[in-house]
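Asker:
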Amino acid sequence: LSHWSVMSEGTSQVFAAGPPVVQRSLGQEITKEDLGGVPVAVASAGTIDNAAADEATCFDMIRRFLSYMPQNVHELPPRHTTGDAVGRVEERLLSIVPEERRRPYNMKQIIELIVDPGSTFEIQPDYGKALITSLARLDGHVVGVVANNPMVYGGAMDVGESNKQCHFIELCDTFHIPLIFLVDVPGFMVGEQAERAGVLRAGMRAVYVASQARVPVVTVVIRKCYGMAGMATCHQAGLNLRLAWPSAEWGSLPVEGGVAVAYRREIEQADDPKAREGELEAELREYNSPFRTAEAFGVEDIIDPRETRAYLCRFINAAQGRLKTDRGLKPRAGVRP
Numbered sequence: 321l322s323h324w325s326v327m328s329e330g331t332s333q334v335f336a337a338g339p340p341v342v343q344r345s346l347g348q349e350i351t352k353e354d355l356g357g358v359p360v361a362v363a364s365a366g367t368i369d370n371a372a373a374d375e376a377t378c379f380d381m382i383r384r385f386l387s388y389m390p391q392n393v394h395e396l397p398p399r400h401t402t403g404d405a406v407g408r409v410e411e412r413l414l415s416i417v418p419e420e421r422r423r424p425y426n427m428k429q430i431i432e433l434i435v436d437p438g439s440t441f442e443i444q445p446d447y448g449k450a451l452i453t454s455l456a457r458l459d460g461h462v463v464g465v466v467a468n469n470p471m472v473y474g475g476a477m478d479v480g481e482s483n484k485q486c487h488f489i490e491l492c493d494t495f496h497i498p499l500i501f502l503v504d505v506p507g508f509m510v511g512e513q514a515e516r517a518g519v520l521r522a523g524m525r526a527v528y529v530a531s532q533a534r535v536p537v538v539t540v541v542i543r544k545c546y547g548m549a550g551m552a553t554c555h556q557a558g559l560n561l562r563l564a565w566p567s568a569e570w571g572s573l574p575v576e577g578g579v580a581v582a583y584r585r586e587i588e589q590a591d592d593p594k595a596r597e598g599e600l601e602a603e604l605r606e607y608n609s610p611f612r613t614a615e616a617f618g619v620e621d622i623i624d625p626r627e628t629r630a631y632l633c634r635f636i637n638a639a640q641g642r643l644k645t646d647r648g649l650k651p652r653a654g655v656r657p
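First residue of the sequence shown: 321, per this note's numbering; consecutive thereafter.
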């Protein structure tokens with residue numbers, strides 16, 4: 321029930337019942353480490369958020385986490401002077417996203433280039449790895465960064481990622497920490513294993529929690545933003561700003577999967593089905609332009625990637641007035657999916 325948790329490797333375990341009870345109940349011989357050590361509690365189950373090499377590092381991490389938090393919900397998070405320029409331009413942001421849309425890239429590097437230097441503190445780095453959740457600072461103000469990780473399953477949202485996002489958004493919303501979404505999500509994870517794990521219910525829970533957030537939200541579409549998973553990266557009711565890089569693309573389904581479904585008969589009846597499928601994909605991709613979406617007011621602006629930090633800092637500074645008037649406990653409504 322804590323807001324954040326940490327355990328040390330080799331000396332900490334957490335479980336519902338220890339090895340003697342497991343042996344007595346199930347006849348299974350197992351060690352404490354195999355039952356509830358870091359590999360299980362942190363990486364597999366996500367019961368504990370972070371792991372540290374030893375107890376001293378645990379206390380360092382606790383102090384670091386608390387440095388982002390206000391004293392209570394009636395105060396705002398502390399602002400630290402960093403000396404980093406609001407308008408700092410990073411040329412590397414121009415080339416970090418590959419031209420080949422199927423190639424992955426390092427989203428963590430994008431985060432580091434945008435936020436104040438040395439200000440990131442990643443929450444649950446070993447769980448739900450297709451999603452990055454991190455506390456950071458912009459112009460000294462605390463922000464919560466939610467970013468898809470294209471290095472893992474192309475950034476698709478599975479059950480672990482959905483659970484991780486829900487907890488992080490509620491943490492930030494409770495303590496008046498604005499949210500920054502850096503989006504490159506092809507949709508929810510697909511396949512039998514994902515369906516058996518309940519990806520749809522977990523994924524829609526992430527959409528629901530995002531819609532309930534009261535803090536200011538900035539969404540930056542880096543590349544893909546598809547399906548209901550894309551809806552979990554913004555909310556329309558509150559103070560929000562939706563931006564896109566020129567590399568952005570979005571829709572109900574990625575072009576590849578959408579063409580295979582929508583044009584199945586035409587593809588099957590073609591002399592060369594594979595070639596016809598490729599032609600249809602190329603034809604539809606011409607309409608998949610971020611500028612068309614901007615013209616329809618789907619985003620407020622398409623920005624030069626190098627100016628991302630400046631846009632975010634200006635928004636976060638402008639949102640401070642809203643944060644001051646929204647302090648205290650926040651009402652929750654509805655039923656989670």
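All C-beta atoms in this analysis are idealised placements derived from N, C-alpha and C, irrespective of residue type, glycine included.
If you follow the alpha helix (DSSP H) that Phe-335 is in, where does it begin and where does it stop?
Answerer: It is not in any alpha helix (DSSP H) - Phe-335 carries neither H nor E in the DSSP assignment.
Asker: For the candidate residues Ala-614, Ile-636, Ala-552, Ile-382, whose alpha-carbon lies nearest to that of Leu-563?
Answerer: Out of Ala-614, Ile-636, Ala-552, Ile-382, Ala-614 has the C-alpha closest to the C-alpha of Leu-563.
Asker: What ranges does the beta strand (DSSP E) occupy inside the region 559-640, keeping only unbroken runs of at least 3 residues that lie completely in it?
Answerer: Whole beta strand (DSSP E) segments, 3+ residues: 560-564, 569-571.
Asker: Can you tell me which of the three DSSP states Leu-649 falls into?
Answerer: Reduced to three states, the DSSP call for Leu-649 is coil.
Asker: In the DSSP assignment, what are the bridge partners of Lys-544?
Answerer: Paired residue(s): Glu-569.
Asker: At a cut of 8 Å, does the region 473-493 reach the region 505-524 through at least three beta carbon pairs?
Answerer: Yes, the region 473-493 is in contact with the region 505-524.
Asker: Leaving out five residues before and five after Ser-439 in sequence, what residues of the same chain have Cβ atoms less than 6 Å from its Cβ?
Answerer: If we look at Ser-439 and ignore the five residues flanking it on each side, its Cβ neighbours are Ala-456, Arg-457.
Asker: Compare the C-alpha of Val-535 against each of Arg-543, Glu-569, Ile-497 and name the closest.
Answerer: Checking every option, the nearest Cα to that of Val-535 belongs to Ile-497.
Asker: Where does Phe-495 fall in DSSP's three states?
Answerer: Here Phe-495 sits in coil by DSSP.
Asker: Mind checking which residues open and close the beta strand (DSSP E) that includes Ala-371?
Answerer: That run of the beta strand (DSSP E) goes 370-372.
Asker: Identify whether Ser-328 lies in helix, strand or coil by the three-state DSSP scheme.
Answerer: Reduced to three states, the DSSP call for Ser-328 is strand.
Asker: So Arg-642 and Glu-395 are in contact, right, with Cβ under 8 Å, and what is the actual spacing, rounded?
Answerer: That belief does not hold up - the Cβ atoms of Arg-642 and Glu-395 are roughly 15 Å apart, past 8 Å.
Asker: Just checking my contact of Trp-570 with Tyr-607 at CB under 8 Å: how many whole Å lie between their CB atoms?
Answerer: That pair is no contact at about 12 Å.
Asker: Which two residues bound the contiguous beta strand (DSSP E) that contains Arg-457?
Answerer: Arg-457 -> beta strand (DSSP E) spans 451-458.
Asker: I need the boundaries of the beta strand (DSSP E) containing Phe-441, first residue and last residue.
Answerer: Note, Phe-441: beta strand (DSSP E), 441-443.
Asker: Do you know how far the Cα of Phe-617 is from the Cα of Gly-523?
Answerer: For Gly-523 and Phe-617, the distance between alpha carbons rounds to 26 Å.
Asker: Since Thr-377 contacts Val-334 with CB under 8 Å, what's their CB separation in whole angstroms?
Answerer: That pair is no contact at about 18 Å.
Asker: Kindly identify the DSSP beta-bridge partner or partners of Thr-539.
Answerer: Per DSSP, Phe-501, Arg-562.
Asker: Phe-508 bridges to which residues according to DSSP?
Answerer: Answer by DSSP bridge pairing, in chain order: Met-477.
Asker: If Arg-605 sits next to Arg-408, beta carbons under 8 Å apart, how far is it from one beta carbon to the other, in whole angstroms?
Answerer: Wrong, their Cβ atoms sit about 34 Å apart, outside the cutoff.
Asker: Can the beta-carbon of Ala-590 be found less than 7 Å from the beta-carbon of Arg-584?
Answerer: No, the pair does not count as a contact, with Cβ atoms beyond the cut-off.
Asker: If you follow the beta strand (DSSP E) that Ala-467 is part of, which residue opens it and which one closes it?
Answerer: Taken as a continuous stretch (DSSP letters only), the beta strand (DSSP E) holding Ala-467 covers 461-468.
Asker: Cα-Cα, which of Tyr-425, Ala-582, Gly-550, Gly-558 is closest to Val-527?
Answerer: The residue with the shortest Cα to Cα distance from Val-527 is Gly-550.
Asker: Would you tell me roughly how many angstroms separate the C-alpha atoms of Val-537 and Ala-361, rounded to the nearest one?
Answerer: Roughly 31 Å separates the two Cα atoms.
Asker: Could you check whether Glu-375 and Ser-415 sit closer than 7 Å to each other, using their CB atoms as the reference points?
Answerer: No, they are not a contact pair.
Asker: Does Asp-528 come out as helix, strand or coil in the three-state DSSP assignment?
Answerer: Here the sequence assigns Tyr to residue 528, which means Asp is not the residue at that position. Helix, per DSSP.
Asker: Report yes if the CB atom of Phe-488 is closer than 7 Å to the CB atom of Ile-542, and no otherwise.
Answerer: Contact: no.
Asker: Take Lys-650 and list the residues in its own chain whose beta-carbon comes closer than 6 Å to its own, dropping the five residues that flank it on each side.
Answerer: So the list reads Arg-534, once near-sequence residues are dropped.
Asker: For a quick check, are the C-beta atoms of Asn-469 and Ile-452 less than 7 Å apart?
Answerer: Going by C-beta atoms, Asn-469 is nearer than 7 Å to Ile-452.
Asker: Under a Cβ-count criterion, where at least 16 other Cβ atoms within 10 Å of its own Cβ denotes burial, should Thr-553 be classed as buried or exposed?
Answerer: Counting Cβ neighbours within 10 Å, Thr-553 comes out buried, since at least 16 surround it.
Asker: Where does Leu-502 land, buried or exposed, given buried means 16+ other C-beta within 10 angstroms?
Answerer: Looking at its Cβ environment, which holds 16 or more other Cβ atoms inside 10 Å, Leu-502 is buried.
Asker: In its own chain, which residues sit with a C-beta less than 8 Å from the C-beta of Ile-587, not counting the 5 before and 5 after it?
Answerer: If we look at Ile-587 and ignore the five residues flanking it on each side, its Cβ neighbours are Val-579, Ala-580, Pro-593, Arg-596, Glu-597, Leu-600.
Asker: Is the beta carbon of Gly-464 less than 7 Å from the beta carbon of Cys-486?
Answerer: Going by C-beta atoms, Gly-464 is not nearer than 7 Å to Cys-486.
Asker: Given this structure, state the Cα-to-Cα distance separating Glu-432 from Phe-441, to the nearest angstrom.
Answerer: Going from the Cα of Glu-432 to the Cα of Phe-441 covers about 11 Å.
Asker: When the Cα of Val-435 is compared with those of Asp-459, Arg-421, Ile-622, which residue comes out closest?
Answerer: Per the Cα distances, Asp-459.
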